[in-house]
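The structure appears right after this line, and notes come after that.
2 protein chains.
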Amino acid sequence: MPEQKDRLIDAARGLVKADAVFSNAELFNPFTCEWERGSFAITDGVVVGVGKYRGLTEHDMGGARIIPGLIDAHVHIESSLLTPKEYARLVSLRGTTTVIADPHEIANVAGIDGIEFMLRDAKGLPVDIFYMLPSCVPATPLDQGGAVLSAKDLRPFIGHPRVLGIGEVMNVPGVLVHDHQLMEKIALSRVVDGHAPLLSGSDLNAYVLAGMQSDHECTRIDEAAEKLRRGMYIFLRQGSTEHNISDLAGIVNACTAPRCCFATDDCHADMLANAGHIDNCIRVAVESGIELECALRMATLSAAERFGLSDRGALAPGRLADFCVLSGSKIFTVKTAYKRGVEQRGIPGKPPLWEPHPFLCSAPAPDTIRLDGRGRARVIGIVPHQIITEPLIVNIDTREIPDIARDILKVVVCNRYRDRSCGVGLVHGFGLVRGAIASSISHDAHNIVAVGTGDDEILRAIDTVIKTRGAMVVVDGQEKTTLTLGCAGLMSLLPYEEVVSQQETLKSAVSRLGAVADPFMYLSFLALTVIPNLRITDRGVFDVGQFADVPLFLK
Amino acid sequence: MPEQKDRLIDAARGLVKADAVFSNAELFNPFTCEWERGSFAITDGVVVGVGKYRGLTEHDMGGARIIPGLIDAHVHIESSLLTPKEYARLVSLRGTTTVIADPHEIANVAGIDGIEFMLRDAKGLPVDIFYMLPSCVPATPLDQGGAVLSAKDLRPFIGHPRVLGIGEVMNVPGVLVHDHQLMEKIALSRVVDGHAPLLSGSDLNAYVLAGMQSDHECTRIDEAAEKLRRGMYIFLRQGSTEHNISDLAGIVNACTAPRCCFATDDCHADMLANAGHIDNCIRVAVESGIELECALRMATLSAAERFGLSDRGALAPGRLADFCVLSGSKIFTVKTAYKRGVEQRGIPGKPPLWEPHPFLCSAPAPDTIRLDGRGRARVIGIVPHQIITEPLIVNIDTREIPDIARDILKVVVCNRYRDRSCGVGLVHGFGLVRGAIASSISHDAHNIVAVGTGDDEILRAIDTVIKTRGAMVVVDGQEKTTLTLGCAGLMSLLPYEEVVSQQETLKSAVSRLGAVADPFMYLSFLALTVIPNLRITDRGVFDVGQFADVPLFLK
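Top line first, the protein sequences correspond to chains A and B.
Anchor point for the first sequence: position 397 equals 415 in the working numbering, and the numbering is continuous, going up by one each time.
Anchor point for the second sequence: position 219 equals 237 in the working numbering, and the numbering is continuous, going up by one each time.
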């Protein structure tokens, strides 16, 4: 729009008044990591200049600190349980103005339709949602989800103004054997995100060489340092279960901050509402010893640069007027957030338009989830605050399951895309002393997954998930608590306030069962066959190291 | 080439031997600004991995320091007097492996043909030469050079693998009034270099907003700091006449190094051969107080990132095996340079293919350069080590010219693109006590410019420039010293060794005339109508302040 540019240039030169001027502020400058005392002017939602200006409206900021809008470098919006519209409404209040999302979850359930819904629902929001195209649908060739997306399927999205590249390439074995279908997807874009937990040495070299430019899966500082040195952008993650920032803080300094960003990956609505979003990452970073200025650069310019978004990431001429006014508190707190110069108030919009997706299965018959046998069994051990699992070998007699004393319970996965495909295994660490829980959120195929103390309650929980076309369910005797996930069995169609409130109810219900904190989060990763070590699928127990189905009992 | 990628991945994994392994080295890592003890392996000219590898050849580096190949962020190759091929041969020995060049000079002479020659001559060299498209041909609408390039003329080059964006937008007034033809050129690419000496405040804001992302014209630290804060990349320049690094060193630190690069802009062959190229910039930077590691990041990864060249700038998997082995000396010295894994030896190639460009003028008749009159005259005063000129008003009787005592000499500009277009003026500061000098390098139109003590010698010097189809010429009585610039009157077609030697001869010849040091440099800027104050064109005296032709004598 040449006319708009003319108007902006004239405003920048001070020949005409700007729309608004914000004066008397301490401005964070991510190019120099300094605070600059001064003013800035905006027109048409764009910063036209820093310095003295006259505006149609003029705001004296009383010396408040102002920083550029915050950017999440990698998130699955689906994991918030909210649709993009509600997600944006919530995080916009936290100072987030841009997120780079990977619609990997809904694409695994609903394929292209899912990606198109996410693009449609992201229009006109107070947060710019960009997408990376899901590269691994299904996550591995062994997984059977709701869709298979090839390079041919993804290509039409390349060039879409909201699409920035190829999302986390989690099929590391596929890369290492240069699987040609996967390599074709990687070749679609110059921007490709990686996903390679604990990958190191020559295999890491090969993975980076093959084109993966970032990693958000680091859990150890030596791991992050090695990946950084090999040229990867490191996204330090703070999600609902993945709390990696404090462990990785040591890699961040003035020199490396440009190659580091923050990501939340998977973050439930309640955490976003209570702890915060990228603002929370900054608080955790500072608590962990990262200098505030380095953390702010990571959360703004570094993320913008990583994705080639030269129109944001700083309060500088020509960039979007996305910014946060901080409170005077010593602890980093966003008081007010502005998107394209407009103060955010979290006003609800219209409900999303989603065509309900059927579940193509019925509740399994009781005998299909029965276990028989004894001996040394493979038990999936959940690890607190991690999504990796511990491969336990335990002497088991299935007649003694549930083994409440040793906290060994039954776990069931039912394929939701076809009938009568059910896998059964054992899990340690959920802490349930009665009842069962089930969910239609189960990375990455999003089959139905359930853990419980009794077959009957497990089956009733699964049945409820199917009947509601997706839900998180707690069964406690005859009582049932449900958080319906009407959008693809992944997201609620309700406003975020209601979702957060339902989460609270669900939380009380699971804690009455004696469960660990956040059992649904652990539940949702039990079937994820790309993260070590033991997993459960609709075929049974899966060993990620061997990358193969394995029997429950050792030979 | 999928098969090549397969081979590289296998080599990275160590499944097959790499082509070569360099072990026992101190590797500079620009991602972390650390030195890393170790080894790396290359195959097909690409780094496949860092760490332990087996190779078809294995090189023990004896603990030597190795850094990634050096990058010049902004240069006019023409100013070296060398064609791209010879330029590359020379700077490759200095550790340069990539340059971003702006063929602004040859485009002003030969338009599209000139750009195409530069692209053609850049093929298969030991230095990757990328081009920014010249944005200001001619420099201003008043200038009459050999070409006028519009957005329509430049568009076909967009997308060429060697073209990265739009070169230095020096027509700052044009930007500020949003000249639409200029804005159309700026809109051609997402990568646009700026050129805005001393621009500041709201006009700088407007210039940045309009799309200019870098500046290599900073001469003052406050100027550089302001531009950096507004989001510009700062290219610290060390050219034959422009020595800016020491004045700007204070802006560089670990935080800002990713937004700073080195540039040589205009650098003669003799300086490249004697002082060096980007290696010299690093030495000057370190002498000026910049930490070596910051300087190295600037010269490698920062420049690569600024231009989106993610295939280079670091010794990391998948990036080009461009690197330098340093000498053990305390002073930064490149001992050996490697391009795509091949050690550089500066072996001469075939001479360039240039279709000689005719000079469409004949030597002016004696009476056309005669001056008549007396009174208060406008005299162009050259300023030592600057390209600005001082506007002098001096009482003159033209019969007393040359006025050796007051050092006032005749200056003549002849249009080379059409016959009988000659301007005559007076100049102070060249110091010639006899003879004349002439040159076909005369920014930006590159007409013929001459200064001398007598009309006869001036005319012979001009005649020689025309007959040789471009040259720098010194006439001293009957003696003539010529450095022929057979390529567009800007570059020599000879190997660099001969050009450097001819430069030495020319230097002796001018010093025998009593001239100031580097008179050809001052000569080449006398006609540059975009830099204050008085200039000379083929129309006569030009006042940059009034932006108009003015008579020699004041009324």
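Here a beta-carbon is modelled for each residue, glycine too, at the ideal position from N, C-alpha and C.
Short CB-CB distance (under 9 Å) between residue i and chain B
i, result
"Ser-232/A", "no"
"His-196/A", "yes"
"Thr-39/A", "The sequence shown places Val at residue 39/A, rather than the Thr named in the question. No, no contact with chain B."
"Ile-480/A", "no"
"Gly-558/A", "no"
"Asp-28/A", "yes"
"Arg-208/A", "yes"
"Gly-32/A", "yes"
Span of the alpha helix (DSSP H), counted from its first residue to its last, around residue i
i, result
"Phe-135/B", "122-139"
"Pro-102/A", "102-110"
"Glu-244/A", "239-247"
"Cys-312/B", "310-315"
"Thr-523/B", "514-530"
"Ala-29/B", "20-30"
"Cys-278/B", "Here Cys-278/B belongs to no alpha helix (DSSP H); instead the beta strand (DSSP E) covers 278-281."
"Pro-215/A", "It is not in any alpha helix (DSSP H) - Pro-215/A carries neither H nor E in the DSSP assignment."
"Cys-299/B", "296-305"
Coarse secondary structure for residue i, derived from DSSP in three states
i, result
"Ala-205/A", "coil"
"Thr-416/A", "helix"
"Gly-488/A", "coil"
"Met-230/A", "coil"
"Leu-160/B", "coil"
"Ala-169/B", "helix"
"Tyr-435/B", "coil"
"Val-401/A", "coil"
"Tyr-540/B", "helix"
"Thr-50/B", "coil"
"Gln-256/B", "strand"
"Ser-41/B", "strand"
"Gly-268/B", "helix"
"Arg-55/A", "strand"
"Val-65/A", "strand"
First and last residue of the uninterrupted beta strand (DSSP E) at residue i
i, result
"Tyr-225/A", "From DSSP, Tyr-225/A is part of no beta strand (DSSP E) but of the alpha helix (DSSP H) over 219-227."
"Glu-373/B", "First-last for Glu-373/B: undefined, no H or E at that position."
"Tyr-356/B", "352-357"
"Ser-457/A", "454-457"
"Arg-83/B", "83-86"
"Gly-192/A", "It is not in any beta strand (DSSP E) - Gly-192/A instead sits in the alpha helix (DSSP H) that spans 190-194."
"Met-289/A", "Unbroken run through Met-289/A is the alpha helix (DSSP H), 287-292; no beta strand (DSSP E)."
"Arg-553/A", "552-555"
Any chain A beta carbon closer than 9 Å to residue i
i, result
"Ala-170/B", "Correcting the residue type first, residue 170/B is Lys in the shown sequence and not Ala. Output row for Lys-170/B: interface = no."
"Arg-248/B", "yes"
"Val-155/B", "no"
"Pro-20/B", "yes"
"Arg-358/B", "no"
"Glu-373/B", "no"
"Ala-243/B", "yes"
"Lys-11/B", "No answer is possible for residue 11/B: the residues shown for chain B start at 19 and end at 573."
"Arg-173/B", "no"
"Met-201/B", "yes"
Own chain residues within Cβ distance below 6 Å of residue i, not counting five before or after
i, result
"Gly-576/A", "The structure shown does not extend to residue 576/A, since chain A is modelled only from 19 to 573, so the question has no answer here."
"Ala-242/B", "Cys-236, Ile-252, Leu-266 and Ile-269"
"Lys-357/A", "Thr-115, Pro-144 and Asp-340"
Sequence-distant residues of the same chain with beta carbon closer than 8 Å to residue i, five excluded per side
i, result
"Leu-477/B", "Ala-381, Pro-382, Pro-384 and Ile-387"
Spatial neighbours of residue i in its chain, beta-carbon cut-off 7 Å, leaving aside the 5 residues before and after
i, result
"Gly-249/A", "Val-226"
Practice item. Determine which residues of the segment 45-59 of chain A have a Cβ less than 7 Å from any Cβ of chain B, and write them out in chain order. Key: Asn-47, Phe-49, Thr-50, Cys-51 and Glu-54
Review point. Going along the segment 217-241 of chain B in order, which residues come within less than 9 Å of chain A, judged by CB to CB distance?
Key: Gly-219, Ser-220, Asp-221, Leu-222, Asn-223, Ala-224, Tyr-225, Val-226, Leu-227, Ala-228, Gly-229 and Gln-231
Point to revise | the segment 259-282 of chain B: positions lying closer than 9 Å to chain A by Cβ | key: Ile-269, Asn-271, Ala-272, Cys-273, Thr-274, Ala-275, Pro-276 and Arg-277
Check your understanding: If you measure beta-carbon to beta-carbon, which residues of the segment 318-346 of chain B are closer than 8 Å to chain A?
Key -> Glu-323, Gly-326, Ser-328, Ala-332, Ala-334, Pro-335, Gly-336 and Arg-337
Check your understanding: Just by C-beta distance, which residues in the segment 64-93 of chain B are closer than 9 Å to chain A?
Key -> Val-64, Val-65, Val-66, Gly-67, Val-68, Gly-69, Lys-70 and Tyr-71
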